[in-house]
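Residue numbers (our numbering): 141 to 237.
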């Protein structure tokens, strides 16, 4: 069975083997479609191969962390929550009366 779906960036699909992926690029000039699997791996298909795939359209996964499974909390940058409550920082500015 072949897919009737036009490749569109941001659309998610499932292959018969259960792998899920998102279309991340479509190059009309080169006639290629680039996809990113949930685990972060990338793959490219030419248009002919794309239309031969047996695909099921799906909703984007709620858990977006698939490509980032190996990240530690420190990898995401500063811990903003650890800096105390958010307040009115303008209170600390010297004002002219």
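Each residue gets a CB set at the ideal place from its N, CA and C atoms; glycine is no exception.
Where residue i and residue j are concerned, what is the direct C-alpha to C-alpha distance, given to the nearest angstrom?
{"i": "residue 192", "j": "residue 143", "result": "6 Å"}
{"i": "residue 190", "j": "residue 202", "result": "25 Å"}
{"i": "residue 145", "j": "residue 159", "result": "17 Å"}
{"i": "residue 198", "j": "residue 157", "result": "14 Å"}
{"i": "residue 147", "j": "residue 163", "result": "7 Å"}
{"i": "residue 155", "j": "residue 168", "result": "23 Å"}
Looking only at its chain, what residues have a beta carbon closer than 6 Å to the beta carbon of residue i, apart from the 5 residues adjacent to it on each side?
{"i": "residue 200", "result": "152"}
{"i": "residue 185", "result": "173"}
Residue range of the beta strand (DSSP E) that residue i falls in?
{"i": "residue 168", "result": "Looking at the DSSP string, residue 168 is not in any beta strand (DSSP E), and its letter there is neither H nor E."}
{"i": "residue 192", "result": "Segment 187-192 is the alpha helix (DSSP H) holding residue 192; no beta strand (DSSP E) there."}
{"i": "residue 172", "result": "172-177"}
{"i": "residue 197", "result": "196-198"}
{"i": "residue 148", "result": "No beta strand (DSSP E) holds residue 148; DSSP gives it neither H nor E."}
Near residue i, what residues of its chain come up, given a Cβ to Cβ distance below 7 Å and the 5 sequence neighbours on each side ignored?
{"i": "residue 165", "result": "149 and 174"}
Can you name the residues that DSSP bridges to residue i?
{"i": "residue 159", "result": "In the DSSP output, where bridge partners are listed per residue, residue 159 has none listed."}
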